[in-house]
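Visitor: Each residue of the sequence shown is one higher than the one before, counting from 111 in this note's numbering.
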Amino acid sequence: MYLRGNGYFSEHLGYEIFLLDAEREKARYVALFAFEQELKLQGFRLVAGVDEAGRGPLAGPVAAAAVILPEDADLPGLNDSKVVPAPRRAALAEKIRAVAVAWSVGIASVAEIDALNIRRASFLAMRRALDGLRPMPDHVIVDGSIIPEFFLPQTGVVRGDALVAAVAAASIVAKVTRDRLMDELDAAFPCYGFCRNKGYPTPEHLEALQKYGPSPFHRRSFAPVKHLLEYRGSC
111 MYLRGNGYFS EHLGYEIFLL DAEREKARYV ALFAFEQELK LQGFRLVAGV
161 DEAGRGPLAG PVAAAAVILP EDADLPGLND SKVVPAPRRA ALAEKIRAVA
211 VAWSVGIASV AEIDALNIRR ASFLAMRRAL DGLRPMPDHV IVDGSIIPEF
261 FLPQTGVVRG DALVAAVAAA SIVAKVTRDR LMDELDAAFP CYGFCRNKGY
311 PTPEHLEALQ KYGPSPFHRR SFAPVKHLLE YRGSC
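#1: By a C-beta neighbour count over all protein chains shown, 10 Å radius and 16 as the cutoff for buried, is Asp182 buried or exposed?
#2: Just checking my contact of Phe304 with Ala169 at CB under 8 Å: how many whole Å lie between their CB atoms?
#3: Using DSSP's beta-bridge definition, name the partner residues of Thr287.
#4: What residues are listed by DSSP as bridge partners for Asp253?
#5: If you run the structure through DSSP and keep just helix, strand and coil, what is His122?
#6: Helix or strand or just coil, what does DSSP make of Ser214?
#7: Going by alpha carbons, who is nearest to His315 out of Lys205, Pro167, Leu185 and Phe261?
#8: Helix, strand or coil for Val277, going by three-state DSSP, please let me know.
#9: How big is the Cα-Cα spacing for Leu129 and Ala137?
#10: Suppose contacts are defined by Cβ-Cβ distances below 7 Å. Is Leu179 in contact with Ala276 by that definition?
#11: Are Gly164 and Arg288 touching if we call contact CB-CB under 7 Å?
#12: Quick one, are the C-beta atoms of Asp190 and Ser255 less than 7 Å apart?
If you want it as structure tokens, here you go:
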């Protein structure tokens with residue numbers, strides 16, 4: 111009933127909600143660094159986060175990024191790339207690259223995905239990203255499962271891209287990198303809508319596959335593409 115007055119109470123309530131949301135976001139951001147801080151208390155000096163983008167699409171490479179963040183990293187809005195809007199994601203990726211102690215990107219091609227399977231190709235891209243870091247980390251936090259046969263100490267964190275700062279940063283750099291690669295492929299093969307669907311099996315993409323057949327950058331080991339290999343259209 112108080113909200114029916116002259117607007118004071120509704121404005122005050124709105125301000126209170128704003129402050130509460132700001133405090134929650136601050137607490138979430140601080141919590142992102144807790145896992146890395148715990149590892150540093152155990153003696154690990156440089157902790158890298160690694161994540162990939164592009165396991166699910168029918169076309170294009172899989173990209174991975176590895177990031178080492180400084181302890182005082184100021185990256186408002188840092189989060190899992192899937193929940194950050196595209197314009198904000200691009201701006202965050204630029205800032206992450208600017209403030210990071212080190213960052214690197216690794217790519218596994220469509221041919222490697224088809225030869226190895228997507229899981230092994232994703233790990234290959236992650237290893238390439240980590241191999242490109244200078245300085246090298248002394249511990250790695252991986253989104254999900256640890257990387258098989260990798261020489262550095264590592265910890266796998268389920269939903270690490272939402273829970274660990276360096277992994278969230280890696281998810282954003284990987285996503286932005288792969289999206290730009292798909293935009294480049296769209297210029298060469300505009301009929302598939304890669305600039306919009308990024309290679310994911312949207313209705314638009316599936317319809318184009320049926321009409322034109324697969325491009326050289328489609329993953330032939332993936333079922334929706336494999337079933338159309340005999341068809342050759344013209345994009």
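Positions of the beta carbon are idealized from the N, C-alpha and C atoms, including for glycine.
Guide: By the coordinates alone:
#1: exposed
#2: 7 Å
#3: Thr287 is not bridged to any residue.
#4: Val267
#5: Reliability of the predicted coordinates at His122 is poor, the pLDDT of 47 falling under 50, and no value is obtained from them.
#6: strand
#7: Pro167
#8: helix
#9: Reliability of the predicted coordinates at Leu129 is poor, the pLDDT of 47 falling under 50, and the value obtained from them is presented with this limitation in mind. Rounded to whole angstroms, Leu129 to Ala137 spans 12 Å at the Cα level.
#10: yes
#11: yes
#12: no
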